[in-house]
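Taken in sequence, the protein lines are chains A and B.
The numbers in the numbering used here rise by one with no breaks, and the one at position 357 of the first sequence is 366.
The numbers in the numbering used here rise by one with no breaks, and the one at position 442 of the second sequence is 476.
Read through the structure below, which is laid out as structure tokens, and then see the notes.
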Amino acid sequence: MKTADVLIIGGGIHGSSTAYHLAREGISVILLEKDYVARHASGVNAGGVRVLGRDLAEVPLSKISMQMWQTLDSELDADTGFRSTSMVYIAANEADITTLKQREARMNAAGHTHERIIDQRELRELLPYVHPSCTGGAVSQQDGHANPYRSTNAFRLAAERFGASIVEGTELRNLRRVGSSWIAQTPKGTFEAGTVVNCAGAWADKVALMIGDNVPLNHAAPMLMITARMPHFVEPVVGAVSRQLSFKQFENGTVLIGGGAKGFAERAANKTRLDYEKLANAARTTIDFFPIMTRAAINRMWAGLEAYMPDNLPVVSPSANAENAFHAFGFSAHGFQLGPIIGKVTADMILTGQPGFDLSAFRVDRYDRKVL
Amino acid sequence: MAFDCVIVGAGPAGMSAAVTLAEHGVRSLVLDRGAKAGGQIYRYAASSPLPDPSKLGPDYMSGAALINAFEACGADHVAGADVWHVGDDGRILYSIDGETRQIETREVLVCPGAIERPMPIPGWTLPGVMTAGAAQVMLKTDAIVAENAVFAGSGPLLYLVVAQYLRLGVKVAGLVDTTPRRNFLQAASAAPAALRSASLLHKGISLLSEIRRAGIPVYRQSVQLKLLGQTRVSGLSFYSNGLQQIEADTVFLHHGVIPNPNMTRALGLDHVWNEDQLAWHVKTDLYGQSSIPYIAVAGDGGAIVGGDGAHIEGRLAALNILMRLERISPETRDRLSRSPVGELRRLSQFRRFIDRLYRPSDALRLPQDEDTPVCRCEDQSVADLRAGFQLGARDPNALKSRTRCGMGPCQGRQCGPIVSDLLANWRGEHVSDVGYYRMRSPQRLLSLEELSRFKTVSSLQPRAREASR
Ligand SMILES: Cc1cc2nc3c(=O)[nH]c(=O)nc-3n(C[C@H](O)[C@H](O)[C@H](O)COP(=O)(O)OP(=O)(O)OC[C@H]3O[C@@H](n4cnc5c(N)ncnc54)[C@H](O)[C@@H]3O)c2cc1C
Chain A
10 MKTADVLIIG GGIHGSSTAY HLAREGISVI LLEKDYVARH ASGVNAGGVR
60 VLGRDLAEVP LSKISMQMWQ TLDSELDADT GFRSTSMVYI AANEADITTL
110 KQREARMNAA GHTHERIIDQ RELRELLPYV HPSCTGGAVS QQDGHANPYR
160 STNAFRLAAE RFGASIVEGT ELRNLRRVGS SWIAQTPKGT FEAGTVVNCA
210 GAWADKVALM IGDNVPLNHA APMLMITARM PHFVEPVVGA VSRQLSFKQF
260 ENGTVLIGGG AKGFAERAAN KTRLDYEKLA NAARTTIDFF PIMTRAAINR
310 MWAGLEAYMP DNLPVVSPSA NAENAFHAFG FSAHGFQLGP IIGKVTADMI
360 LTGQPGFDLS AFRVDRYDRK VL
Chain B
35 MAFDCVIVGA GPAGMSAAVT LAEHGVRSLV LDRGAKAGGQ IYRYAASSPL
85 PDPSKLGPDY MSGAALINAF EACGADHVAG ADVWHVGDDG RILYSIDGET
135 RQIETREVLV CPGAIERPMP IPGWTLPGVM TAGAAQVMLK TDAIVAENAV
185 FAGSGPLLYL VVAQYLRLGV KVAGLVDTTP RRNFLQAASA APAALRSASL
235 LHKGISLLSE IRRAGIPVYR QSVQLKLLGQ TRVSGLSFYS NGLQQIEADT
285 VFLHHGVIPN PNMTRALGLD HVWNEDQLAW HVKTDLYGQS SIPYIAVAGD
335 GGAIVGGDGA HIEGRLAALN ILMRLERISP ETRDRLSRSP VGELRRLSQF
385 RRFIDRLYRP SDALRLPQDE DTPVCRCEDQ SVADLRAGFQ LGARDPNALK
435 SRTRCGMGPC QGRQCGPIVS DLLANWRGEH VSDVGYYRMR SPQRLLSLEE
485 LSRFKTVSSL QPRAREASR
């Protein structure tokens, strides 16, 4: 039997980041990953690193995470591919501008000033190829993008350098509390630890249940497509206030198009199926906003399995029903950017009981109380 | 309304399936990106741009008969329909006239054919280096040839192209044959069975003696091939009775074909490793029925069977589909299958002989130098991949994520087999345990505009039908 202080379930960015932050403090860590590290959402996502447009509850975490991204490569001694390119939300019309102004008022009241409204002239300066009818937008300066597979593995490799043990191809099948230990059963043997952390992504409701917590977690398969290389035409990451538009151009010239359209998820089989008609809509929206994309050549399409909570906010929380158990999951298609800070916060919850942030919006039992 | 049966690929397998279905009253829809039916082997056989296409050989000319039967059988052939997705739900997407069409079908027969096995020798990605298959496409489609080219490798297709060149009076700088001596011994044990297909054997031998008679330099048992040149190819060096060097602007490489995995993999069909052919085969039954019952595979896209084998497999797949559609009884299917099954057995004995004789050496299948490129699209060498492996990417898909190897426009067709073999070596495991890239649609590049013009089609527009006439 292998033992450690902390057992982490899931080798996505949150599990890997948690392993890193714990191992760095001298804690012994075993991380179990049923496939391989970054096989799922954390390795195949759109790589968007944004604070722009986040729910107010997430903004404090997201802002600190954004600071961490700026120096992550040197901290982890790795190449995450992070580029701070800024991100722009396009307002297609006056109604969008109104939406942005209302949001600005709320953000300012909470003391956040990282989102700035821009007019049509500045929009065109930032996005020379945007459709001329677009009226303005909002920009967040520090936002950008990174390579998801490399970023997740950067945490993993750094954690390993501090002595963490990352065990791939090993699925947690059963978990029980015996005395002051968690005993974890896998096809590759038994693992034991004083503390367990659930970072199991789209499978986290199953692991939560093993711990003793019931959560209304859903899983789905957001889709992406990427073009072959094309001449550079856009620097910032692009989104829209009220349309499903989202894309970014990487340094190698490829353009990654998202937009949030979902395919079909079969998590038991590790499989996703694409909904091509929805991708066709995303293609149309992209061309509508950026006619220069008309002839762009799509090279690959895919989807990843992602965990969604009903309110699109994650669970970052101690267990409601068990001692020495913690959750970090349910990031609802925008968890990549939070990777650096969530590992830190989770480690702090475990080590000091003081996460340093107000996490009440992310409690694991927030739906329990509402139902009753 | 859904179609009864859609056939993807109008090569010998697809055409013969359509003919068989039509004989029993099922009018299939046949999609192929080509402007004409025929597939690789019979490309333009019935409408050649060459003044005398009979110089391409009797096999090629026999394709014209199948094409004519196919065109007369009443199947709906949509030429120029570039299928880029076949789903395990029976949905098929294709591009035509700059638009995307979606159709639904009860039964699918996938006949995606073969691709040439990559031959990653030093310099294989230099401009001017092409495959023998590419030489054939240029020849058949546009009657274009390369003067004074070198042909290097082994296998029937290589010799056929050389012979075709010579018959057309094109100068050939040399044939650098890489068939290892020991293959002749290995093949000898399969020869008696292969002799039952004496005419096939004879065809092969006569090609080689034809090349010899033409008097071009033929180098045997060649090893350590290296393409010369910095920015484009200037020749080939190798050992065959000592160090040899031939200058040439064009070098055609070929050492056999493997099933094109992209569509059958993206479909999620089960595949099995075949040690005789050193390739992944689609797992099917005798009738080509895959691990998904309503999806069948016929021809070289499932396992390498050659043009004749593809023709028979198409017929068998069609008989099974007819049974599944309740047009014929199981007994009728079995009765009608007896003779094609026997023929296929005889052919497969001959195939075993060919497989052994032209089994590619590891030294040509796997890059030997650290700086040889593996992925030409993303410019990744053996050393780059090894570095990725050492950073923990043990799975082909992890290595792809780490290095971008396989992410480029060829969609992994070139590097896929090499990457799995390299990882098998590094992990000290068998390639069947390493697996292959997780493939996804689309199977070709498509423009954003093409995708955005998305139409679901339930019956053929009259225009599409006309176009095929
Ligand atoms: C297509 C797509 C695009 C996205 N784009 C963005 C974006 O641009 N910006 C952004 O910020 N976010 C984005 N996201 C969201 C982001 O990727 C996720 O929120 C984040 O990666 C979640 O990380 P995770 O560690 O919680 O989950 P995962 O990466 O899914 O990791 C969980 C891991 O747990 C393992 N596991 C599960 N059960 C067990 C078990 N019983 N035993 C062992 N292991 C187990 C799984 O195999 C998996 O590897 C996107 C997501 C997708 C799918």
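Just so it is clear, CB atoms sit at the ideal spot from N, CA and C, and this is done for glycine as well.
DSSP three-state assignment for residue i, whether helix, strand or coil
i: methionine 10 of chain A; result: coil
i: glutamine 383 of chain B; result: helix
i: arginine 487 of chain B; result: coil
i: alanine 51 of chain A; result: According to the sequence as given, residue 51 of chain A is serine; it is not alanine. In the structure shown, serine 51 of chain A sits in a helix (DSSP, three-state: H, G or I).
i: proline 146 of chain B; result: coil
i: serine 502 of chain B; result: Any reading at serine 502 of chain B must be qualified, since the residue scores a pLDDT of 42, below 50, and its modelled position is unreliable; the value itself is stated next. Of the three classes helix, strand and coil, the one that applies to serine 502 of chain B here is helix, per DSSP.
i: valine 243 of chain A; result: coil
i: alanine 342 of chain A; result: coil
i: asparagine 223 of chain A; result: coil
i: serine 142 of chain A; result: coil
i: lysine 43 of chain A; result: coil
i: glutamate 177 of chain A; result: coil
i: glycine 440 of chain B; result: coil
Chain-order list of residues whose beta-carbon lies under 8 Å from that of residue i (same chain, five-residue window excluded)
i: alanine 14 of chain B; result: Here chain B has residues from 35 to 503 only, and residue 14 of chain B is not among them.
i: lysine 215 of chain A; result: Ala209
i: isoleucine 127 of chain A; result: Val97, Leu135, Gly145, Gly146, Ala147 and Val148
Where residue i meets chain A, residues with beta-carbon distance less than 8 Å
i: glutamine 136 of chain B; result: Tyr285 and Glu286
Chain-ordered chain A contacts of residue i [CB-CB under 7 Å]
i: arginine 474 of chain B; result: Arg309, Met310 and Trp311
i: aspartate 429 of chain B; result: Tyr45
i: alanine 432 of chain B; result: Tyr45
i: histidine 119 of chain B; result: Tyr285
Distance CB(residue i)-CB(residue j) smaller than 8 Å
i: leucine 262 of chain B; j: glycine 157 of chain B; result: yes
i: alanine 224 of chain B; j: arginine 386 of chain B; result: yes
i: glycine 57 of chain A; j: histidine 154 of chain A; result: yes
i: valine 206 of chain B; j: tyrosine 328 of chain B; result: no
i: isoleucine 326 of chain B; j: isoleucine 149 of chain B; result: no
i: isoleucine 175 of chain A; j: valine 46 of chain A; result: yes
i: leucine 400 of chain B; j: histidine 58 of chain B; result: no
i: threonine 199 of chain A; j: methionine 10 of chain A; result: yes
i: valine 204 of chain B; j: leucine 270 of chain B; result: no
i: arginine 487 of chain B; j: glutamate 138 of chain B; result: no
Own chain, CB closer than 7 Å to residue i, minus 5 neighbours either side, in chain order
i: leucine 234 of chain B; result: Phe384
i: alanine 417 of chain B; result: Glu404 and Asp405
i: methionine 239 of chain A; result: Gly262, Val264 and Ala305
i: histidine 289 of chain B; result: Arg151, Met153, Gly187, Ser188, Gly189, Thr212, Pro394 and Leu398
i: glycine 336 of chain B; result: Pro293, His315, Val316, Thr318 and Gly322
i: arginine 436 of chain B; result: Gly422, Leu425 and Ala427
Partners in chain A for residue i, counting only beta-carbon separations shorter than 9 Å
i: methionine 441 of chain B; result: Ile235, Thr263, Asn308 and Arg309
i: histidine 464 of chain B; result: By Cβ distance, chain A contributes nothing, its closest Cβ being about 17 Å from histidine 464 of chain B, past 9 Å.
Opposing strand residues paired with residue i [DSSP bridges]
i: leucine 63 of chain B; result: B/Val40 and B/Asp110
i: leucine 480 of chain B; result: A/Ile307
i: phenylalanine 384 of chain A; result: Because chain A is modelled from 10 through 381, residue 384 of chain A falls outside the range shown and cannot be assessed.
i: methionine 164 of chain B; result: B/Phe286
i: aspartate 116 of chain B; result: B/Ser129
i: alanine 147 of chain A; result: A/Tyr98 and A/Ile126
i: glutamate 138 of chain B; result: B/Arg125
i: lysine 280 of chain A; result: A/Glu275
i: histidine 315 of chain B; result: B/Val306
i: cysteine 409 of chain B; result: B/Gln414
i: leucine 248 of chain A; result: Note that residue 248 of chain A is glycine in the sequence shown here, rather than leucine. Answer is A/Tyr98 and A/Ser255.
i: isoleucine 534 of chain B; result: Chain B is shown only over 35 to 503; residue 534 of chain B falls outside these bounds and no answer can be derived.
Partner residues on chain B for residue i, Cβ-Cβ distance less than 9 Å
i: threonine 295 of chain A; result: Leu482 and Ser486
Partner residues on chain B for residue i, Cβ-Cβ distance less than 8 Å
i: leucine 166 of chain A; result: Leu425 and Gly426
i: asparagine 54 of chain A; result: What asparagine 54 of chain A touches in chain B: nothing, since even the nearest Cβ is about 11 Å away.
Cut-off 6 Å between Cβ atoms - residues of its own chain near residue i, not counting five sequence neighbours on either side
i: serine 62 of chain B; result: Cys39, Ile41, Ala52, Leu55 and Ala109
i: alanine 173 of chain A; result: Ala28, Ala32 and Val38
Contact set between residue i and chain B, taken where Cβ atoms lie within less than 7 Å
i: tyrosine 158 of chain A; result: Ser435 and Arg436
i: alanine 289 of chain A; result: Thr134, Leu485, Ser486 and Phe488
i: methionine 318 of chain A; result: Result: empty, since nearest Cβ-Cβ is about 27 Å, beyond 7 Å.
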